[in-house]
Each structure stands twice: as C-alpha cells, then as structure tokens.
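Step one of this worksheet: look at the structure below.
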Amino acid sequence: INAALSLFYHLASGEIKQYLPKPRGFFDQAITQSLFYVRGIFRNEPHPFDKDRDRKLNPLQQMTYFAILNLLLPLQIITGALMWGVQQWPETAARLGGLPFLAPFHTLIAWLFASFIVMHVYLTTTGHKPMAGIRAMMMGWDEVEVHGGQPAPADGTD
Numbered sequence: 036i037n038a039a040l041s042l043f044y045h046l047a048s049g050e051i052k053q054y055l056p057k058p059r060g061f062f063d064q065a066i067t068q069s070l071f072y073v074r075g076i077f078r079n080e081p082h083p084f085d086k087d088r089d090r091k092l093n094p095l096q097q098m099t100y101f102a103i104l105n106l107l108l109p110l111q112i113i114t115g116a117l118m119w120g121v122q123q124w125p126e127t128a129a130r131l132g133g134l135p136f137l138a139p140f141h142t143l144i145a146w147l148f149a150s151f152i153v154m155h156v157y158l159t160t161t162g163h164k165p166m167a168g169i170r171a172m173m174m175g176w177d178e179v180e181v182h183g184g185q186p187a188p189a190d191g192t193d
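Per my numbering, residue 36 is the first one in the sequence shown, and the count goes up by one each step.
Here it is in structure tokens:
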C-alpha cells in the first residue's frame with residue numbers, strides 16, 4: 036500500500052522526475068559524484084552538485100533509487116513469491132532454476148538491500164552537520180548549504 040501511495044504521489048505531483056536520471060551527461064556526473072565519495076568527502080571538498088527544489092538527488096542517488104525501486108524490489112517480490120509458492124507453481128519455479136537458484140538469488144538481493152541500508156545510514160551522517168541528513172528524513176525538510184557545486188540546469192535538462 037505504501038509503495039502504491041508513494042508512486043501515486045510522485046506521478047501526480049511530478050516529483051517522479053527527481054528519480055529519473057537524464058541520459059545526457061549522466062555518466063560524467065556519476066563519476067564526479069563517485070570521486071567525491073571516494074576522496075573529496077575526506078578532504079572537506081564541497082559537494083559537486085547543489086541541492087535545490089528541482090534537483091534533490093545527486094546522480095548516484097538517482098541511479099540507486101531507480102535500481103532499487105525498479106529492479107531489486109520487483110525481483111525480491113517475485114523470487115520470494117516463487118519460493119513461497121514453489122509447490123503451487125513447480126513448473127514456473129523449475130524454469131527459473133528451482134530452489135537451488137531462487138534461494139541464493141533471493142538472498143543476494145536481500146544482502147544488496149542490507150548493504151544499501153548500511154551505506155544510506157552512513158551517508159546521512161556526511162552532511163554539513165553529522166545528523167542533518169537524518170533530521171531531514173524525520174522532519175521532511177532540509178537545510179540546504181549553498182556552495183560552488185554544479186547547479187541544476189534551469190530548463191531541467193543536463
């Protein structure tokens with residue numbers, strides 16, 4: 036129910052665009068953000084992309100949330116349902132490799148979710164104040180730091 040309501044809200048409000056990476060320049064932006072997480076964050080460099088009303092997520096966040104919501108979550112649900120109903124749908128499960136394939140694959144996806152949660156909690160502490168990201172999730176608003184990062188394009192394109 037939560038996922039359906041969230042999807043409805045994001046589609047109706049147009050906020051779905053926050054989660055859709057724009058292809059033009061995306062790879063370079065993802066590399067820039069990755070380099071920031073690998074070394075820039077430890078050198079107190081500013082975030083490479085400014086956060087604003089039209090661009091709340093950096094390229095890696097867009098890619099991660101897009102993959103989780105459109106790939107991992109559906110695969111987790113499908114593999115879980117097939118394992119749960121292997122006696123009801125033995126031929127469907129067998130076509131996909133049966134329990135010897137489904138169970139480890141389902142477990143791998145669960146570990147990917149767990150890894151996401153650990154990284155998510157860690158990265159929420161890397162803002163301008165250690166608890167700022169967690170506070171933003173709990174309160175629904177964020178104090179945005181303005182610096183020399185790349186602003187979101189005015190026309191919504193990259």
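Where is the CB? At the ideal position from N, CA and C, for every residue including glycine. The structure displayed is predicted, hence computed values, not measured ones.
Residue 90 is bridged by DSSP to 87.
With a threshold of 16 other beta carbon atoms within 10 Å, residue 51 falls short and is exposed. Pairing residue 83 with residue 65 gives a Cβ-Cβ distance that is not under 8 Å.
Secondary structure of residue 67 (DSSP, three-state): helix. Taken through DSSP and simplified to helix, strand or coil, residue 36 comes out as coil. Of the candidates 102, 139 and 156, 139 places its Cα closest to the Cα of residue 114.
Contact between residue 102 and residue 117 is absent: CB atoms are separated by about 21 Å, not below the 8 Å threshold. DSSP, reduced to helix, strand and coil, places residue 52 within a helical segment of the structure shown.
As summarised for the region 87–163, the continuous alpha helix (DSSP H) elements at least 4 residues long and confined to that stretch are 94–102, 108–119, 125–130 and 133–159, given in chain order.
Straight across, the Cα-Cα distance linking residue 68 with residue 126 is about 45 Å. A Cβ-Cβ contact shorter than 8 Å links residue 144 with residue 107.
Counting only residues of its own chain and dropping the five nearest sequence neighbours on each side, residue 120 has no CB closer than 7 Å to any other CB.
The DSSP-derived three-state label of residue 170 is helix. In this structure, DSSP gives residue 75 a helical state, which the three-state scheme calls helix.
Here residue 82 carries a coil assignment [DSSP, helix/strand/coil].
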